[in-house]
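Q: The structure is given below, and queries will be raised subsequently.
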DNA sequence: AGGCAAACATACTACTGAGTATGCTGTCAA
DNA sequence: TTGACAGCATACTCAGTAGTATGTTTGCCT
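Chains as they are written, first to last, in the numbering used here: chain A, 1 to 206; chain B, 1 to 206.
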C-alpha cells in the first residue's frame, strides 16, 4: 500500500516532500511556515496546497516516508537461520547508512519523537499519524524479536527488554542528532561509523 | 553565577519556569503560546512578562535550568583517584535519576537538541543560548575526559572518541524520550533503570 | 498614615501564517 | 478546435499570538 503510494507519487509531489523535509529539519516543523517550504521550492503556496490538504498532512507524509525508507531496507537483511548477533549487526549496518542517506526526513520524524502531542484536528491527519505509529511499532518489533531471540539462546545478557530495546533504538539513531554531511569526510566514514555503532550495540547487549 | 541566580530567584519566578517547562514539554516550545503557560499557572500573561522580557528568554532560562540541574549533581561524584570505569558508573547513576526528577526541563532542552536553529533576535537571547551551549559543552567534556582516561589506561577500547561520546550521551538520555512516571511503578525502578543503563554503557565501551 | 514599588491583571495593537477562492496556462482526448 | 482538467500562481481572509500600555492590588518601609 505504502509502496504503491510511493511509486505512484508524482515527481512534483515528491519534490514538495523533499523540500518540506529540508525546511522542517532546519526550522522545526511548527516554526517553519508553508511559505518557507514554497520558497525553498521556488514556488508559492498554491503548489503545496494542490498536493496536500493541510500542513499537518504534509508533515505526516514526511514522517511516513521516513518510516518507509528504513522499512524497505532493513527487513530483507534479516536471515531466519542466522544468529541473533549476526542479524542485529546486519540490521544496524543497513539502518544507519539508510538513515543518513535520507537524513532530513529522519530529523523531522525525531522532532515528533520527543513526545509532542499532535493537535491533529482533521480525521485524515489522525489516520496518518496512527499509521506512522503503527509502522514505527512494526519496525521496533523487528529489533525486539532479535533481542528476544538473542536473550533466549544466551547470546545476549538477560535484562529488561523494553529498556534494552529503547536504548538500542536510540543508539542506532544517535547520528541523526549530530551527523552533518561534509564534503571533506572520508569515503568510508559512514561505513566506519555504522560498524562502530554495531560494535557498541552488540557489546552493550552481551 | 548560575547558582547565585538560582538561589536568588523568587519562588514565583520558579513557578513560572516550572509551568513553562511543563507546557513546552507537552505542546512543544514553539507551538505552545504564552497564554498556554499562563493558563497552566492560573494566571495571565502579565505575570510572565513581568519576570521575562520575551518568550525566547523564557525558553532559554528553562533550558539553562535543565543544564544546571545535572551540572550541580554530577561533577561532585567524580573522584580523581577512582578508575574511569567507576567514575563513569557513578556519573551515570547520578545523571539518570536527576534527569528523570526534572523531566519536563530536559524534554524541552532536547527539543532544541534536534538542531532547530533558534531565530533569537534580541541580544539577551543570543547571550543566553550561548551560555547554554557553553554549559552543555562543559558537561559533555566531563564525560569526554573520563572516556579519554579510560582509553588511555586500557579500561576502555580505543575507538573514535567523538562517536563514542555522542553515543554515550544519547544512551544515558534515552529515558527522556520514553520514560513516563507512573504511580504503580516499583520504588526501585529508577535506580534499576540507572543501573541497567550504566551496565550497558560500560559494556559498550569496553 | 501614606507613599511607593513590586507583582500582577486587563485591554488593547500589530502581525504572522494557515487556509481559501479564484485566475491563469499548458496538455490531451474527443 | 475545443473544452476540460491537472497543475500551479495570485490575492485575499481570518484566527491566533507575541508584545505593549496601562490599570490595580498588595506588601513594606518610613
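Cβ atoms here follow ideal geometry from the backbone N, Cα and C, with glycine treated the same way.
Short of 9 Å Cβ to Cβ, which residues in the stretch 127 to 143 of chain A face chain B?
A: Those would be none; no residue qualifies.
Q: Which residues in chain B sit within 8 Å of residue 167 of chain A, going by Cβ to Cβ distance?
A: Sequence index remark: in the first chain, residue 167 of chain A carries index 167 (1-based). By Cβ distance, chain B contributes 171, 174, 197, 200.
Q: Could you tell me whether the Cβ of residue 270 of chain A comes closer than 8 Å to any Cβ of chain B?
A: With chain A covering only 1 through 206, there is no way to say anything about residue 270 of chain A.
Q: Pop quiz: residue 21 of chain B and residue 62 of chain B are said to be a contact at Cβ under 8 Å. What is the actual Cβ separation, rounded to whole angstroms?
A: Residue mapping note: residue 21 of chain B aligns to position 21 of the second chain, counting from 1. Residue mapping note: residue 62 of chain B aligns to position 62 of the second chain, counting from 1. Yes, they are in contact, since the Cβ atoms of residue 21 of chain B and residue 62 of chain B sit about 5 Å apart, within 8 Å.
Q: Given this structure, state the Cα-to-Cα distance separating residue 57 of chain B from residue 177 of chain B, to the nearest angstrom.
A: To locate residue 57 of chain B, count along the second chain from 1; it is residue 57. To locate residue 177 of chain B, count along the second chain from 1; it is residue 177. Going from the Cα of residue 57 of chain B to the Cα of residue 177 of chain B covers about 24 Å.
Q: Between B/78, B/98, B/99, B/101, which lies nearest to residue 90 of chain B when the distance is taken from Cα to Cα?
A: In the second chain, residue 90 of chain B corresponds to position 90, counting from 1. Closest option to residue 90 of chain B, Cα to Cα, is B/78.
Q: Counting beta carbon pairs with one atom in the stretch 103 to 115 of chain B and one in the stretch 171 to 185 of chain B, are three or more of them shorter than 8 Å?
A: Cβ pair count under 8 Å is three or more, so yes.
Q: Could you give the DSSP three-state label for residue 114 of chain A: helix, strand or coil?
A: Sequence index remark: in the first chain, residue 114 of chain A carries index 114 (1-based). If DSSP states are grouped into helix, strand and coil, residue 114 of chain A belongs with coil.
Q: My understanding is that residue 139 of chain B touches residue 201 of chain B, with C-beta atoms under 8 Å, so please give their C-beta distance in whole angstroms.
A: Here residue 139 of chain B corresponds to residue number 139 of the second chain, with the count starting at 1. Here residue 201 of chain B corresponds to residue number 201 of the second chain, with the count starting at 1. 16 Å between Cβ atoms; not a contact.
Q: Does the Cβ-Cβ distance between residue 87 of chain B and residue 146 of chain B come in under 8 Å?
A: In the second chain, the residue the question calls residue 87 of chain B occupies position 87. In the second chain, the residue the question calls residue 146 of chain B occupies position 146. Taking 8 Å as the Cβ cut-off, residue 87 of chain B and residue 146 of chain B qualify as a contacting pair.
Q: Hey, how far is the Cα of residue 72 of chain A from the Cα of residue 128 of chain A?
A: In the first chain, the residue the question calls residue 72 of chain A occupies position 72. In the first chain, the residue the question calls residue 128 of chain A occupies position 128. Straight-line Cα distance between these residues: approximately 18 Å.
Q: Would you please verify whether the beta carbon of residue 113 of chain B is less than 8 Å from any beta carbon of chain A?
A: Here residue 113 of chain B refers to the residue found at position 113 when the second chain is read from its first residue. Yes, residue 113 of chain B counts as interfacial toward chain A.
Q: Using three-state DSSP, classify residue 38 of chain A as helix, strand or coil.
A: Within the first chain, the letter at position 38 stands for residue 38 of chain A. Correct three-state label for residue 38 of chain A: helix.
Q: Can you tell which of B/114, B/74, B/19 has its C-alpha closest to the C-alpha of residue 209 of chain A?
A: Residue coverage of chain A in this structure runs from 1 to 206, which leaves residue 209 of chain A outside it and unanswerable.
Q: DSSP state of residue 179 of chain A, grouped into three classes?
A: On the first chain, position 179 is the one that residue 179 of chain A refers to. DSSP places residue 179 of chain A in coil when its eight states are reduced to three.
Q: Might you give, ordered along the chain, the residues of its own chain that have their beta carbon closer than 7 Å to the beta carbon of residue 34 of chain B, omitting 5 neighbours on each side?
A: In the second chain, the residue the question calls residue 34 of chain B occupies position 34. 45, 48, 55, listed in sequence order.
Q: Nearest to residue 207 of chain B by CA position, among A/97, A/205, A/30, is which residue?
A: Outside the displayed span of chain B (1 to 206) sits residue 207 of chain B, for which this structure offers no information.
Q: For residue 186 of chain B, count the other beta carbons within 10 Å of its own beta carbon; 16 or more makes it buried, fewer makes it exposed. Which is it?
A: Taking the second chain and counting its residues from 1, one reaches residue 186 of chain B at position 186. Residue 186 of chain B comes out exposed.
Q: Quick one: is residue 162 of chain B buried, meaning 16 or more other Cβ sit within 10 Å of its Cβ, or exposed?
A: For this step, residue 162 of chain B is matched to residue 162 along the second chain. Exposed, because fewer than 16 other Cβ atoms sit within 10 Å of the Cβ of residue 162 of chain B.
Q: Which two residues bound the contiguous alpha helix (DSSP H) that contains residue 22 of chain A?
A: As a working note, residue 22 of chain A is residue 22 in the first chain. Segment 11 to 27, the alpha helix (DSSP H) holding residue 22 of chain A.
Q: Between residue 25 of chain B and residue 107 of chain B, how many whole angstroms is the CB-CB distance? I'm expecting something under 8 Å.
A: Here residue 25 of chain B corresponds to residue number 25 of the second chain, with the count starting at 1. Here residue 107 of chain B corresponds to residue number 107 of the second chain, with the count starting at 1. Indeed, because the Cβ distance is near 4 Å, the residues count as touching under 8 Å.
Q: May I ask you to report which of helix, strand or coil DSSP gives residue 207 of chain A?
A: Examination of residue 207 of chain A is not possible in this model, given that chain A is present from 1 through 206 alone.
Q: Let's test the definition: count the other Cβ atoms within 10 Å of the Cβ of residue 136 of chain B and tell me whether it reaches 16, buried, or not, exposed.
A: Locating residue 136 of chain B in the second chain gives position 136, counting from the first residue. The residue in question, residue 136 of chain B, is buried, as its Cβ has 16 or more Cβ neighbours within 10 Å.
Q: Residues of chain B with CB closer than 7 Å to the CB of residue 146 of chain A, please, in chain order.
A: As a first step, residue 146 of chain A is located in the first chain; it is residue number 146 there, counting from the start. Neighbours of residue 146 of chain A on chain B: none; closest Cβ ~16 Å, over 7 Å.
Q: For residue 130 of chain A, which of helix, strand or coil comes out of DSSP?
A: The residue you call residue 130 of chain A lines up with position 130 of the first chain. Residue state, collapsed to three classes: helix.
Q: In three-state DSSP terms, what is residue 158 of chain A?
A: Mapped onto the first chain, residue 158 of chain A falls at position 158. Looking at residue 158 of chain A - three-state DSSP - the assignment turns out to be coil, as it is neither helix nor strand.
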